[in-house]
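Comments concern the structure below.
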Amino acid sequence: MKYVIDNNSISQIFKSLYFEFFPTFWSGFNSLVEASELLSTREVFNEIQRHNQVLQEVNNWIESSSFQRSHFFTIPTVVELNIVRGIFSINQFMSSISKKNYLKGYPSADPFIVAKAKVIEGTVITKEKYCENAAKIPNICEKLEVRCINLRTYFVEKKWKF
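Residue numbers are given in the working numbering: position 57 of the sequence shown equals residue 98, and the series is strictly consecutive.
Now the structure itself:
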């Protein structure tokens, strides 16, 4: 099974699972990334850069790894971009782009995450929760019939214990 991880879950990992204290986790994490079983999107990396969330830790991790940044933070394909366009054609999901980001030309990573998962028949990992009539990742996933879980469920599925 393949997973696509959201910025909030990446930030949670980098804020709490320090390299020097959780080497077993990072070894497993890197193995999944290298096997393309765990992915994210370029737009998530752009969000991390814009908000400076764990940016230095992410950059340190990328530099110490054997893979390229684009191997984990993937560039959207044409098929994914068409799915993103379809997501934004639904009024409910247009609000996933805040007005401030829209005016600055910053896209929301959310539809790109769901589109990637849809194309690879994967599962989205996010801290967001489903909320009736909202423009959150779980709502978009439900509409596109993409499985969506939180980080805890991911760890349970991987049977990870540290």
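Where is the CB? At the ideal position from N, CA and C, for every residue including glycine.
Using the Cα positions of Thr-82 and Val-45, report the straight-line distance between them to the nearest angstrom. Your numbering for residue 82 matches position 41 in the sequence shown. Your numbering for residue 45 matches position 4 in the sequence shown. Straight-line spacing of the CA atoms in Thr-82 and Val-45 works out to 8 angstroms.
Flag this pair as yes or no: are the beta carbons of Val-155 and Cys-172 separated by less than 8 angstroms? For the purposes of this step, residue 155 is identified with residue 114 of the sequence shown, where counting begins at 1. For the purposes of this step, residue 172 is identified with residue 131 of the sequence shown, where counting begins at 1. No. Outside cutoff.
Would you check if the distance between the CB atom of Lys-43 and the CB atom of Leu-96 is smaller than 8 angstroms? Locating residue 43 in the sequence shown gives position 2, where the first residue counts as 1. Locating residue 96 in the sequence shown gives position 55, where the first residue counts as 1. With respect to the 8 angstroms criterion, Lys-43 and Leu-96 are not classified as neighbours on the basis of their beta carbons.
For the beta strand (DSSP E) containing Thr-82, list its first residue and its last residue. Along the sequence shown, one-based indexing puts residue 82 at 41. Here the beta strand (DSSP E) through Thr-82 covers 79–82.
Among the residues of its own chain, which have a CB less than 7 angstroms from the CB of Leu-73, if the five just before and after it don't count? Here residue 73 corresponds to residue number 32 of the sequence shown, with the count starting at 1. Leu-79.
Three-state class that DSSP yields for Ile-131 in the structure shown: On the sequence shown, residue 131 is found 90 positions in, with the first residue counted as 1. DSSP places Ile-131 in coil when its eight states are reduced to three.
Could you check how far apart the C-beta atoms of Ala-150 and Val-85 are, in whole angstroms? I think they sit under 8 angstroms. Residue mapping note: residue 150 aligns to position 109 of the sequence shown, counting from 1. Residue mapping note: residue 85 aligns to position 44 of the sequence shown, counting from 1. Right, their Cβ atoms sit about 5 angstroms apart.
So, are the CB atoms of Phe-66 and Phe-203 less than 8 angstroms apart? As a first step, residue 66 is located in the sequence shown; it is residue number 25 there, counting from the start. As a first step, residue 203 is located in the sequence shown; it is residue number 162 there, counting from the start. Taking 8 angstroms as the Cβ cut-off, Phe-66 and Phe-203 qualify as a contacting pair.
Backbone CA spacing between Val-120 and Ser-130 [nearest angstrom]: Sequence index remark: in the sequence shown, residue 120 carries index 79 (1-based). Sequence index remark: in the sequence shown, residue 130 carries index 89 (1-based). Val-120 and Ser-130: Cα-Cα distance of roughly 15 angstroms.
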